[in-house]
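Okay, structure coming up:
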């Protein structure tokens, strides 16, 4: 028995280690390349720090915002988006997990099916919607900080990204609510607390791991977002650019692309997320609400 | 009654005085009225930054002019310049226009003029141009690229040439003497060295092992304007001058596809399609693995600084690489090249098109244009620019400017996109051996008719 | 509960009973509306950015909206609708190839990576030293959190021709396989699947490992005491316990893969041969949004998208049936008190 099992285990380990090594080598190359003039295989053909010079001086001239400004933009956008995703998904998931109402089942299957819609092809219709929203007074254009919720505003971009993140968020949060025993909630309700208060004061503190996990996922999605900010921020790419758009400035078919600088900027974009992940990995691992059934 | 009349007179007088006062106040305020002109450009920073940055200097000049002329307006530039891809850059303008937020000046590839003019998003400039003599400096042929349906819609901003490069060291290995090599560009220009002569040379190089099979002659690895130049070389036309519709010429198309079919199947060439630009294509041509290739003048600096720096950069390249026009199809025919000029367009949402055009006039001059040309290795667009002191400083730009006399353009037609995609698909299949030349032509005719219907004329 | 009891016991005075009953029915109405107040934000966002766009996309797919007539064509008028776009799609001679590519791509990537590899990593990393297991999972998360452009650049370096390419240089070269060609040209499909699979695996990996971690330790301890091998423990204890995440990952990732195109676009852009690695979503993107010359045909692109959505919905419905979705969403226990 034991003897027969060994090759199987060895094979499994091999199947894990070989592809893992491939990733490791790839990222090693990325790292080496960002400090090199050119590379051949994993060998640097000359070391340099110049690829990282974007950190202290804009490589594109004074007309361009500095990398730190862009980073701040990206941070603000990702945080706004994360906040909305968490609040909205947990509200929805709470209702789906704890309340009976007409259309509950269809709503659940719908959120899953929504995922079947390729975001890219909805871009033009979403543009029409954003234009309509723009025309609503105050909300459309006049919100401070966000600029509004319409076309060409940070708020609008964040909102669209929220929409694409919601199906996943709702399902994850529902799994967590499903696994909380309802005794606690019931006694609060009996004491006369409103459903809203119960959700906010009793349920939310109990699903902290779920909130953390979803926050991390949403934040990473926002941090790396490219297509949506690109499409819905006309001509503001220079000023309210996010990191992915900034990176695009280095790449071009028609003129020399500084691939080594691209590697450096890419790593710069990656590092905060990796650090973030190292601190939160335990929470991320809790994304599954547990239990045998009804999870996620 | 009388009293009333008097009173009403007083009211009228008071109103008039009031209005005059307000009017005066307004006109006083207008003396310092600042108008923001938005300029949207696509530029690879920092080399191409002058595309937009020139406007910042031009605004100062224009404001001084306005002051002298007693015009109460002053301009301020809002410059939006980045390096997104062409597709998003184009849809950004169209979507922004839909939201009422189009820029005043939009710098883009000339081939978009047809679509934008047709949709009414840009204004025709033919009449307004006459007020600015500086536009007469632009090389006459370039205006063809910005004309659509008999009007001029844009001002050329820069140009480039797409020469046929050849590797001198490899030609020497084939037994060519230095004089023969030096005479090659001249022979091409006179039509003595044709496309098939080139393929014969490529075949010999592949057969003798000077280059690997497939590396005799290369084009760019993906769809792009270069291929159209070959179609023109075989006598093809892309646009019907009478109706403005797209044209596909079967006879020329057959020769065009046969050329690439032969190149791949019998002449040891065209092993380039599908290659990655920086991973394989640039290393291939700059690493002396390819005998002939079509490239752009703007790539010269890339090879010098990126791929051949250790070998000595530009001086190594002058020794080893040469360039000429794209050869003629037949002996005595006319060689060509293709230019894809960028052009300034003015949005029909611009409230001050006159100021926008005045700004464009300021940047269309030897100083600003050469600044951009040198920094970005683009060709100048002005007459006698080779005589201009700073332009002279670049050997490559000076030695290739003559190519603009032989240049062709892509057509300004809104449906060029699908046309180009279909013709390229057939080309890729021909090179890959999936299509014979005749099958390629049939595929193109069928595809064009299906996708474009009566918007295309098949000859 | 309390209140209800009181009113049932009631009988203090007719008036107060009446008032209480009034209040009760109001709170009952409130109770009935409560779910919808909780759903409202999501409903608004989903309506604005999913349902309305969806209807528009469907309408657009019958129109000829493109870059030239945008803002001019009244696409909402039935007079401008026709089936032309769909005819064009189904008469396109590359249509079978693109469909085939899509199915192969989704099936292989899903089987080998998004589910297969994910399960393998989750099982191994939860059964070995915690720190090592964590290191492996962190490594596998990297592809997902790396900017796509940079990630693809890394793969191009791996696949590059000798002497630049890493695989050629250190693996195939020494083994004497191939002649150092650009591997993306010689075997594009292998890389399309690897590139997407390495990103996709992390999703299942996280869900699976957290589900495995959530299994009470007594279960596996008990089975070990009974003398079961690790394999048997996995087969009979672990796998049945993670049935739901397994089904969820399969469904969710099938749909994700169907609609994904960005990595393929940056890697091969459908090449190197004619439509060799072009998948449906990429075609929709090519037609609708971009190409070298701004080949922007929104109407035609929408038609491609609508067909894809139909395929996606059919698959989703099949999955929901097969996986007995009804059980998954059993009625909540707490609603009425």
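Chains as they are written, first to last, in my numbering: chain A, 79 to 374; chain B, 26 to 484; chain C, 1176 to 1512.
Don't be surprised by glycine CBs; every beta carbon is placed ideally from N, CA and C.
Proximity test, Cβ basis, 7 Å: residue i and chain C
i	result
residue 119(B)	yes
residue 296(B)	no
residue 321(B)	no
residue 465(B)	no
residue 243(A)	no
residue 132(A)	no
residue 327(B)	no
Pairwise C-alpha distance: residue j and residue i
i	j	result
residue 200(A)	residue 1268(C)	26 Å
residue 159(B)	residue 167(B)	15 Å
residue 475(B)	residue 163(A)	45 Å
residue 349(A)	residue 343(A)	10 Å
residue 196(B)	residue 241(B)	11 Å
residue 1386(C)	residue 137(B)	54 Å
residue 329(B)	residue 120(B)	39 Å
residue 1411(C)	residue 1389(C)	16 Å
residue 1493(C)	residue 1421(C)	16 Å
residue 211(B)	residue 293(B)	25 Å
residue 341(B)	residue 335(B)	10 Å
residue 1490(C)	residue 300(B)	36 Å
residue 1280(C)	residue 118(A)	31 Å
residue 1353(C)	residue 289(B)	22 Å
residue 121(A)	residue 1335(C)	14 Å
residue 1233(C)	residue 214(A)	25 Å
residue 1453(C)	residue 72(B)	34 Å
residue 315(A)	residue 107(B)	With a pLDDT of only 43 at residue 315(A), under 50, the local geometry of the prediction cannot be trusted, and the value read off the model is given with reservation. C-alpha separation (whole angstroms): 7 Å.
residue 430(B)	residue 369(B)	22 Å
residue 95(B)	residue 89(B)	10 Å
Neighbour list for residue i in chain A, Cβ cutoff strictly below 7 Å
i	result
residue 1344(C)	119
residue 1476(C)	199
Beta carbon proximity, residue i to chain A, threshold 7 Å
i	result
residue 1251(C)	no
residue 1414(C)	no
Neighbouring residues, chain B, relative to residue i (Cβ below 7 Å)
i	result
residue 302(A)	The premise fails here: residue 302(A) is roughly 17 Å from chain B at the closest Cβ pair, so nothing lies under 7 Å.
Under 8 Å from the C-beta of residue i: neighbouring residues of chain A
i	result
residue 1352(C)	Here the premise fails: no neighbours, minimum Cβ distance about 16 Å.
residue 394(B)	Chain A residues near residue 394(B): none, gap ~18 Å exceeds 8 Å.
residue 136(B)	Chain A residues near residue 136(B): none, gap ~14 Å exceeds 8 Å.
Contact set between residue i and chain E, taken where Cβ atoms lie within less than 9 Å
i	result
residue 1333(C)	Here the protein chains are A, B and C, and chain E is not one of them.
Contacts that residue i makes with chain C (C-beta to C-beta distance below 8 Å)
i	result
residue 281(A)	Within 8 Å Cβ-Cβ: nothing; residue 281(A) doesn't reach chain C, min ~11 Å.
Within-7 Å CB hit, residue i to chain B
i	result
residue 1245(C)	yes
residue 89(A)	no
residue 1326(C)	no
Proximal chain C residues relative to residue i, where beta-carbon distance stays under 9 Å
i	result
residue 459(B)	1448 and 1449
Cross-chain neighbours of residue i in chain C, by beta carbon under 7 Å
i	result
residue 275(A)	The contacting residues do not exist; residue 275(A) stays about 12 Å from chain C at best.
Proximal residues of chain A, C-beta to C-beta of residue i below 9 Å
i	result
residue 124(B)	205, 208, 209, 212, 228, 229, 230 and 312
Neighbouring residues, chain B, relative to residue i (Cβ below 9 Å)
i	result
residue 1228(C)	The contacting residues do not exist; residue 1228(C) stays about 14 Å from chain B at best.
contact_flag[the segment 300-314 of chain A, the segment 110-122 of chain B] where n(CB pairs < 8 Å) is 3 or more: The segment 300-314 of chain A vs the segment 110-122 of chain B: in contact.
Selection of the segment 147-166 of chain B by Cβ proximity to chain A, strictly under 9 Å: Per Cβ criterion, the list is empty.
Contact list for the segment 98-120 of chain B against chain C, Cβ threshold 9 Å: Here the close residues are 110, 111, 112, 113, 114, 115, 116, 119 and 120.
Touch test, the segment 251-267 of chain B against the segment 302-315 of chain B, Cβ-Cβ under 8 Å, three pairs minimum: Taking 8 Å as the limit for Cβ pairs, the verdict is that the segment 302-315 of chain B does not touch the segment 251-267 of chain B.
Contact set between the segment 432-444 of chain B and chain A, restricted to residues whose Cβ is under 9 Å from the partner: From the segment 432-444 of chain B, no residue has a Cβ closer than 9 Å to chain A.
Sufficient close CB pairs (3 or more, under 8 Å) joining the segment 1393-1408 of chain C to the segment 1435-1445 of chain C: A contact is defined here as three or more CB-CB pairs under 8 Å, and the segment 1393-1408 of chain C fails this definition with respect to the segment 1435-1445 of chain C.
The segment 460-471 of chain B in contact with the segment 213-225 of chain B per 3-pair CB rule at 8 Å: Fewer than three beta-carbon pairs drawn from the segment 460-471 of chain B and the segment 213-225 of chain B are found closer than 8 Å, and the two stretches are therefore not classed as touching.
Residues of the segment 277-308 of chain B whose Cβ lies closer than 9 Å to any Cβ of chain C, in chain order: Under the 9 Å Cβ criterion, the segment 277-308 of chain B contributes 298, 299, 300, 301, 303, 304, 305 and 308.
Stretch-stretch touch, CB-based, cutoff 8 Å, three pairs: the segment 218-227 of chain B with the segment 351-371 of chain B: For the pair of segments examined, the segment 218-227 of chain B was found to touch the segment 351-371 of chain B: the number of CB pairs separated by less than 8 Å reaches three.
Contact between the segment 313-323 of chain B and the segment 260-274 of chain B (3+ Cβ pairs under 8 Å): Short answer: they don't touch.
The segment 1341-1351 of chain C touching the segment 127-141 of chain A, judged by at least three CB pairs closer than 8 Å: Flag = no, the segment 1341-1351 of chain C and the segment 127-141 of chain A do not touch.
Against chain A: residues of the segment 1264-1294 of chain C by CB proximity under 8 Å: For the segment 1264-1294 of chain C, the set of positions with a beta-carbon nearer than 8 Å to some beta-carbon of chain A reads 1292 in chain order.
Given 8 Å, three or more beta-carbon pairs between the segment 143-150 of chain B and the segment 365-374 of chain B: Verdict: yes, contact present.
Contact list for the segment 66-86 of chain B against chain A, Cβ threshold 7 Å: Of all residues in the segment 66-86 of chain B, only 69, 70, 71, 72, 73, 74 and 78 place a beta-carbon less than 7 Å from a beta-carbon of chain A.
Three CB pairs or more closer than 8 Å across the segment 187-206 of chain B and the segment 445-454 of chain B: Touching, no, given that fewer than three Cβ pairs across the two stretches are closer than 8 Å.
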